[in-house]
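Peer 1:
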Amino acid sequence: MQLNTPIQVGELLILIRPESEPWVPEQPEKLETSAKKNEPRFKNGIVAALAGFFILGIGTVGTLWILNSPQRQAAELDSLLGQEKERFQVLPGRDKMLYVAAQNERDTLWARQVLARGDYDKNARVINENEENKRISTWLDTYYPQLAYYRLHFDEPRKPVFWLSRQRNTMSKKELEVLSQKLRALMPYADSVNITLMDDVTAAGQAEAGLKQQALPYSRRNHKGGVTFVIQGRSMM
0 MQLNTPIQVG
10 ELLILIRPES
20 EPWVPEQPEK
30 LETSAKKNEP
40 RFKNGIVAAL
50 AGFFILGIGT
60 VGTLWILNSP
70 QRQAAELDSL
80 LGQEKERFQV
90 LPGRDKMLYV
100 AAQNERDTLW
110 ARQVLARGDY
120 DKNARVINEN
130 EENKRISTWL
140 DTYYPQLAYY
150 RLHFDEPRKP
160 VFWLSRQRNT
170 MSKKELEVLS
180 QKLRALMPYA
190 DSVNITLMDD
200 VTAAGQAEAG
210 LKQQALPYSR
220 RNHKGGVTFV
230 IQGRSMM
């Protein structure tokens, strides 16, 4: 081994000299230069490690978001409904709830039992057209008591259609837009609520045709304010 000659061992620069001999003058400068060369590599290693942890953190958060996303939860609930899922629509709501739209009272009861067994009854709710009409009617009777409306139609739960009387409506276009937004707020599962002005005669004819199709016993009462259909103690304007 040569004395007073630097030897590179990994990141170290080793120099050996006899105790009685001085350092070669240029060696301290070489040592200082070597240290400066090694410093960026050390810093680059820290930066790379921090970047790795940062990317890992983003990946973990992204994975948790995917697992807990409304779309994922809706898919799980859809799977929970099993072979009967064709009778329902699972709708993620803006309030972070899941809504299961059922077609009738029997399907509503069955779906609620499934949700209870699957421990979904706290973050999911079963809805149907009749119950939503009752809920919306109660709200309208409080905030729009003079509004001449017919019914909320649920053919497409994401875009329900609200029928108003064309002849008896006194609301401006702007007021109708405000009402549409308020109805949408009441239905977190709906992307939009379309308000349609219907002729009284046309609306009454469609309502009566629907009752006949379902073979429901009813009586029709014509009056100045419109037509009322009474179905087993319930009235339908």
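Taking numbering that gives the first Met the number 0, the leading residue of the sequence shown gets 0, the next gets one more, and so forth.
All residues carry an ideal CB built from backbone N, CA and C; glycine is no exception.
(1) Here's a check: name, in chain order, each residue in its chain whose Cβ is nearer than 6 Å to the Cβ of arginine 183, leaving out the five neighbours to either side.
(2) Determine the extent of the alpha helix (DSSP H) in which serine 171 is found, giving its start and end residues.
(3) Beta-carbon within less than 6 Å of serine 136's beta-carbon, same chain only, minus the 5 sequence neighbours each way: which residues are those?
(4) Thinking just about the alpha-carbon of each residue, which of Arg111, Arg93, Arg105 is nearest to the one in valine 99?
(5) Are the Cβ atoms of isoleucine 239 and serine 171 separated by less than 7 Å?
(6) At the level of alpha carbons, what is the spacing between tyrosine 93 and proline 159?
(7) First and last residue of the alpha helix (DSSP H) that includes glutamine 212?
(8) Quick one: give me the first and last residue of the beta strand (DSSP E) that glutamine 88 is part of.
(9) From glutamine 145 to arginine 124, what does the alpha carbon distance come to, in whole angstroms?
(10) Using the Cα positions of glutamine 88 and glutamate 207, report the straight-line distance between them to the nearest angstrom.
(11) Measure how close the beta-carbons of asparagine 129 and glutamine 102 come, nearest whole angstrom, since I'm counting them as under 8 Å.
(12) Span of the beta strand (DSSP E) holding alanine 100?
(13) Below 8 Å CB to CB, which residues in the same chain sit around alanine 149 once its five sequence neighbours on both sides are set aside?
(14) State the CB to CB distance for the pair leucine 210 and proline 156, rounded to an integer number of angstroms; the pair is presumed to be in contact (CB under 8 Å).
(15) Output the distance between the C-alpha atoms of leucine 151 and asparagine 132, rounded to the nearest integer angstrom.
(16) From arginine 71 to arginine 220, what does the alpha carbon distance come to, in whole angstroms?
(17) My output table needs one value for leucine 215: the three-state DSSP class, helix, strand or coil.
(18) Provide the residue(s) that pair with arginine 183 in DSSP beta bridges, ordered along the chain.
(19) Less than 7 Å between the beta carbons of arginine 134 and alanine 147, yes or no?
Peer 2: On the basis of the coordinates in this document:
(1) Your numbering for residue 183 matches position 184 in the sequence shown. Taken in chain order, the residues that qualify are Ala189, Val192.
(2) As a working note, residue 171 is residue 172 in the sequence shown. Here serine 171 belongs to no alpha helix (DSSP H), and DSSP marks it neither H nor E.
(3) Position 137 of the sequence shown, counted from the first residue, corresponds to residue 136. Around serine 136: no qualifying Cβ.
(4) Position 100 of the sequence shown, counted from the first residue, corresponds to residue 99. Residue Arg111 is the option with its Cα nearest to valine 99.
(5) Within the shown structure, residues of the chain are numbered from 0 to 236, placing residue 239 beyond reach of any answer.
(6) Counting from one through the sequence shown, the residue named residue 93 turns up at place 94. Counting from one through the sequence shown, the residue named residue 159 turns up at place 160. Reading the sequence as shown, one finds arginine at residue 93 and not tyrosine. Cα-Cα distance, rounded: 16 Å.
(7) In the sequence shown, counting from the first residue as 1, residue 212 sits at position 213. Here the alpha helix (DSSP H) through glutamine 212 covers 199-212.
(8) As a working mapping, residue 88 is identified with position 89 in the sequence shown. 88-91 is the extent of the beta strand (DSSP E) around glutamine 88.
(9) Working through the sequence shown from its first residue, we reach residue 145 at position 146. Working through the sequence shown from its first residue, we reach residue 124 at position 125. Near 31 Å, if we compare the C-alpha coordinates of arginine 124 and glutamine 145.
(10) The residue you call residue 88 lines up with position 89 of the sequence shown. The residue you call residue 207 lines up with position 208 of the sequence shown. In this model, glutamine 88 and glutamate 207 are separated by some 27 Å (Cα to Cα).
(11) Along the sequence shown, read from residue 1 onward, the residue named residue 129 stands at position 130. Along the sequence shown, read from residue 1 onward, the residue named residue 102 stands at position 103. About 10 Å; that fails the 8 Å criterion.
(12) As a working note, residue 100 is residue 101 in the sequence shown. Bounds of the beta strand (DSSP E) holding alanine 100 are 97-100.
(13) Start at 1 with the first residue of the sequence shown, and residue 149 comes out as number 150. Here the sequence assigns tyrosine to residue 149, which means alanine is not the residue at that position. For tyrosine 149, where only same-chain residues beyond five positions count, the Cβ hits under 8 Å are Trp162, Leu163, Ser164, Met197, Ala202, Ala206, Met236.
(14) To locate residue 210, count along the sequence shown from 1; it is residue 211. To locate residue 156, count along the sequence shown from 1; it is residue 157. Going by Cβ atoms, the distance from leucine 210 to proline 156 rounds to 22 Å, so no, they are not a contact pair.
(15) As a first step, residue 151 is located in the sequence shown; it is residue number 152 there, counting from the start. As a first step, residue 132 is located in the sequence shown; it is residue number 133 there, counting from the start. Computed Cα separation, rounded: 6 Å.
(16) For this step, residue 71 is matched to residue 72 along the sequence shown. For this step, residue 220 is matched to residue 221 along the sequence shown. Distance between the alpha carbons of arginine 71 and arginine 220 is about 49 Å.
(17) Within the sequence shown, the letter at position 216 stands for residue 215. Of the three classes helix, strand and coil, the one that applies to leucine 215 here is coil, per DSSP.
(18) Start at 1 with the first residue of the sequence shown, and residue 183 comes out as number 184. Note: arginine 183 sits in no beta bridge, so no partner.
(19) Position 135 of the sequence shown, counted from the first residue, corresponds to residue 134. Position 148 of the sequence shown, counted from the first residue, corresponds to residue 147. Against a cut-off of 7 Å, the Cβ pair of alanine 147 and arginine 134 comes out as no contact.
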